[in-house]
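Read through the structure below, which is laid out as structure tokens, and then see the notes.
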Amino acid sequence: MRQSERMESREDLNSILPYLPLVMRSSTLFWPSQVVEALKAMARGPLHSRVDSGELLFLAISDLRHSLSLSNHHFAPSFPQGYALFFDELMSREESTKWFEEVVPALADLLLRFPSLLQTHYQTADIAHINGVNTGLRLLRSQEPGIVLLSQELIGALLGCSLFCLFPVTNRGVEHLPTINFDQLFASLYDNYNEKQENKIRCIIHYFERIFSHMPIGFVSFERKVLPLEHLPQCISYPKAEFWSNSVIPLCCFEVQNSGLIEDQSSEALEVDFANKFIGGGALHRGCVQEEIRFMINPELIAGMLFLPSMADNEAIEIIGAERFSSYTGYASSFHFTGDYVDKKDVDCFGRRKTRIIAIDALCSPRMRQYKQEFLLREINKAFCGFFAQSKYQQYKRLFPENGCSRAQLDQNIEDPISRSRSNLLVRSHDNASTSDETTEEKSVNQVIRNYEEKGCESLGHEDNNIGIVTGNWGCGAFGGDPELKTIIQWLAASQALRPFISYYTFGLDELQNLDQVTQWILSQKWTVGDLWNMLVEYSYQKYKGQTDVGFFTWLLPSLFGHDAEMLDLPNTP
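Reminder that position 526 of the sequence shown reads as 526 in full-length UniProt numbering, one-by-one numbering, no gaps.
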């Protein structure tokens, strides 16, 4: 097949082309001629383009948009004032001079190369077809698992289009795509000035300054992960309640971090993004909490907002390789850009930094419904979708031939989770606590996990067995979830996903001041995932029915203490 036929018949390219500012003809991607001339002038510097202020930069952008027939694609009304405010007033004279004399010309040059970069990307995607997986830029629609692998240079060009507001936006809502242009980001600065908005923009500007001083040469992958709602071969489907209540997986190690930040951790781990169902949340608007801050200090994450529609309940998004460029202090209104950050993370064989970020969206303002079993199930399956690697399916199948439960467990009579009394569980826990012997099932599970060998760099989705979970108060804070409930849910999901550990950052939350003692006590009882899940279900049932008004930890530990004084062997907090 000739090149022209290949390009014009590509499903991946055709799916994303309506959302790009480029034109394709005779199998070639290109800018309209007026855009090329304008970008060439900008690339020669302000003496030729006369673009030396925020006001004039906006006028140049307006001309570019007119040449792309985007004049009817409305942007935020205060966008021009926001541009002028930042570049002409908030920037120092030295910063402004560097921006217009060095960065803007370099950005214009990169945009001139954008069509050829994209064509090279698709050619490389064909050559590097990994295990039959297409890695080309495309719309990763809901319920369609897949991976897109982008070079950091191509991401720089995409974010340049965002800064200049060159992406068509008319049909993005139809596909449930998030914001991608930066007009709202700048308009919000003018409409309701506050320092955190200025500092968000400073992170973005610093990113462009950095890449044009030394263009990074790595790659970033974006993966839509899906737990199929129906049974499909070679993958784990969306679990039902019985999957969890019957699980014999041992609980993984639980580490409590009472200080520090998720993004500063140094382990090989999957770092949780407390996401909005629209990836990035309010990053390009006024938002400035956990997800939005991460997108500012690792701006390459923003590229995913171009082609990743909103997540359904059975979906998560994993991003590997995004480089961190900025340091910061504060949170929300106190957020402040403090300067450069040099990312020293190792690089894998695909050229991705070993920074793994998993975006999972929790229930928003769940109030009492979070204690209903259907919503417990929604939350634990959302976390499990993010934490589980489908590349481990064969390992999982060997361990659990019946979709997550051991055959020995399935041969037993399945009890209703509410009817499994705490007293029976506590007696068994006390027996377990009195001996160091593992059960046969626990030995077999742990042995297989230990023996599962790395198969090498054979697929983008493959990972080592030592990749744990680093998380915190997911779905709490602005989303209003119960911190104790969400802590246990994430622990259960991480354990069921065969993760070796979960490292939990409490961010000083009062409700979690005894978290280390509680989790160490639970581990000392050798409960399985099923055991702890059933306890959580019983507590939540009582909470929803108004039979208890205390938190899960308070409900759990006093009942243990009161059952048998000899059972209490609570480890001391170091």
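The C-beta atom is built at its ideal place from N, Cα and C for all residues, glycine as well.
Cβ distance (whole Å) where residue i is taken to contact residue j below 8 Å
i	j	result
Pro-18	Asn-171	6 Å
Ile-155	Val-220	6 Å
Leu-39	Ala-108	5 Å
Asn-298	Ala-269	Contact flag wrong, Cβ pair sits at about 15 Å.
Phe-501	Asn-473	Incorrect: roughly 18 Å between the Cβ atoms, too far for contact.
Phe-100	Asp-63	Between Asp-63 and Phe-100 the Cβ distance is about 17 Å, and since that is not below 8 Å, they are no contact.
Thr-471	Val-272	4 Å
Thr-528	Ile-249	6 Å
Buried/exposed call for residue i, threshold 16 Cβ in 10 Å
i	result
Lys-550	The sequence given here places Val at residue 550; Lys does not occur at that position. Per the 10 Å Cβ criterion, exposed.
Cys-364	exposed
Leu-556	buried
Lys-486	buried
Leu-232	exposed
Gln-370	buried
Cys-476	buried
Cys-252	buried
Leu-47	exposed
residue 587	A question about residue 587 goes unanswered here, because the residues of the chain that appear run from 1 up to 574.
Arg-202	buried
Arg-450	Residue confidence is low: Arg-450 scores 38 on pLDDT, short of 50, so the model does not pin down where it sits. Its coordinate-derived value is still stated next. With fewer than 16 Cβ atoms within 10 Å of its Cβ, Arg-450 is classed as exposed.
Cys-165	buried
Arg-138	buried
Glu-37	exposed
Cys-161	buried
Terminal residues of the alpha helix (DSSP H) in which residue i lies
i	result
Glu-292	290 to 297
Arg-378	373 to 387
Ile-205	195 to 213
Phe-79	79 to 84
Glu-95	93 to 98
Leu-509	It is not in any alpha helix (DSSP H) - Leu-509 carries neither H nor E in the DSSP assignment.
Ala-41	33 to 43
Reduced DSSP category for residue i - H, G, I as helix; E, B as strand; rest coil
i	result
Glu-271	strand
His-336	strand
Thr-471	strand
Thr-170	coil
Gln-525	coil
Pro-250	strand
Ile-414	For Ile-414, the pLDDT reaches just 29, beneath the cut-off of 50, and the residue's location in the model is therefore unreliable, leaving the point undetermined.
Asp-482	coil
Ser-327	strand
Glu-175	coil
Tyr-19	helix
Thr-135	coil
Tyr-190	helix
Phe-243	helix
Ser-365	coil
Ser-259	coil
Ile-360	strand
Phe-350	coil
Thr-124	helix
residue 617	Missing from the structure shown is residue 617; the chain here goes from 1 to 574 and no further.
Tyr-341	coil
Val-427	Low confidence applies to Val-427: its pLDDT is 40, below 50, so where it sits in the model is not reliable, and the reading given next is rough at best. Three-state result, Val-427: helix.
Met-7	helix
Leu-498	coil
Boundaries (first-last residue) of the beta strand (DSSP E) holding residue i
i	result
Val-148	146 to 151
Glu-223	219 to 226
Ala-316	315 to 320
Phe-58	Counting along the chain, Phe-58 falls outside any beta strand (DSSP E), though it belongs to the alpha helix (DSSP H) covering 54 to 67.
Ser-503	501 to 505
Pair within 9 Å by beta-carbon distance, residue i and residue j
i	j	result
Ala-389	Ala-497	yes
Ile-236	Leu-229	no
Val-289	Tyr-504	no
Phe-335	Ile-279	no
Phe-254	Phe-186	no
Gly-218	Gly-386	no
Arg-378	Glu-318	no
Arg-224	Leu-150	no
Ala-316	Lys-372	no
Lys-200	Phe-337	yes
Phe-274	Glu-291	yes
Lys-277	Ile-320	no
Tyr-190	Leu-85	yes
Ser-142	Met-311	yes
Min CB distance residue i to chain B below 9 Å
i	result
Asp-531	Chain labels in this structure do not include chain B; a single protein chain is all it has.
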